[in-house]
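Below is one structure; the comments refer to it alone.
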Amino acid sequence: MNSERNPKVQQLFKAVTDLIEEGMDVHTMKVIDITNKAGIGKGTAYEYFKSKEELVSAAIAADMKDQFDLLKNMLAEEKTFEGKIIAVFHWMDQNMKRRRSAPQFFKFLGQSYEVAAGIRREFQQSSDDNICFFRGLLDDICRQGKTEGCIREGLTGDQISVTLVSIFVAYFLYLNGKEEEESVAADQMQVFLYQNLKKCLE
-17 MNSERNPKVQ
-7 QLFKAVTDLI
3 EEGMDVHTMK
13 VIDITNKAGI
23 GKGTAYEYFK
33 SKEELVSAAI
43 AADMKDQFDL
53 LKNMLAEEKT
63 FEGKIIAVFH
73 WMDQNMKRRR
83 SAPQFFKFLG
93 QSYEVAAGIR
103 REFQQSSDDN
113 ICFFRGLLDD
123 ICRQGKTEGC
133 IREGLTGDQI
143 SVTLVSIFVA
153 YFLYLNGKEE
163 EESVAADQMQ
173 VFLYQNLKKC
183 LE
C-alpha cells in the first residue's frame, strides 16, 4: 500500500467510514460501493490495496488512530481511576452514536464471531500501532488504579488489561442492544460495570 497521506487513499478511507456511519456492514460492503462513495474509479482502489479486506481494515485503523487521539485527550483530563474508566465509556457513547469505527474495533479486539477471518487478519496487520496505542492507554488507567489502591498486588499486567478490556467489550455489547425495552440507562450501566471492575481488581 502506498502512503496513507495520498489524497485518493484519504478519499477511500473517508468513503469506508461514511458507509459505516450510514449503517452498511463491513462484510456486505463491496469495493464498488466504496469507490462510488469516494467518486473515483474502481481500478484506482486496487492501485493502493490488494483486496477489499485490506482497504476496509486500513480505513478502520486510520479512523481509530484519530479516535484514540481524542480518547487520549479525554483521559488526560481525568485524574481518578473511576474518572478514566467513565471517560472511556463516554468516548464509546460518542462513537456508537455516530456509527464510527470504534464498534468495529471492539468486535475485532474481542475476536467476535461476527468478524470474517479475512477482515480480522488484515485488521491485525494494519492496526498494530493502534493496538499498541490502546495498550498504552490501558497502562495509563492501570497506573492510576494502582496509585489509588484500586488494584491489588500480585495481578499481572495481562490480567489487569484483560479485565479492563472485558468491561469495555461488555459496554459495547450493551450499547448494541440498548433498544430493548428492559435496557437500563447508560449511566446506570457504567456504574454497574465500574463496581464489578473494582470487585475483580481489589
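Residue numbering for the sequence shown follows the numbering used here, beginning at -17 and increasing consecutively.
Using N, Cα and C, we set each Cβ at its ideal position, and we do this for glycine too.
If you're wondering where the values come from, they're calculated on a predicted model, not measured in any experiment.
Query	Result
CB contact flag (Ile68, Leu179, <8 Å)	no
Expected contact under 8 Å - CB spacing of Lys34 and Val13 to nearest Å	5 Å
Inter-residue Cα distance where the pair is Gln219 and Thr138	Lying outside -17 to 184, the shown extent of the chain, residue 219 is not represented and no answer is given.
Proximal residues to Gln(-7) (C-beta, below 8 Å), its chain only, five neighbours per side dropped	Ala20, Gly21 and Ile22
Helix, strand or coil at Ala167 [DSSP, three-state]	coil
Check whether Phe154 and Met74 have beta carbons under 8 Å apart	yes
Rounded distance between the beta-carbons of Leu119 and Lys54, thought under 8 Å	6 Å
Glu184 versus Val166, Asp140 and Lys128, residue with shortest Cα-Cα distance	Lys128
Close beta carbons around Asp0, own chain, < 8 Å, minus the five adjacent residues each side	Lys19
CA nearest to the CA of Phe150, picked from Ile16, Ile133, Ile123 and Arg134	Ile123
Residue range of the alpha helix (DSSP H) that includes Lys(-4)	Pro(-11) to Glu3
CB-CB length for Ala40 against Phe31, believed under 8 Å	7 Å
Cβ-Cβ distance between Cys114 and Thr145 below 8 Å	no
Exposure of Leu52, with buried meaning 16 or more beta-carbon neighbours within 10 Å	exposed
Beta-carbon proximity of Asn112 to Met46, cut-off 8 Å	yes
Reduced DSSP secondary structure (H/G/I, E/B, other) of Cys132	coil
Rounded separation between Glu3 and Gly136 - CA only	42 Å
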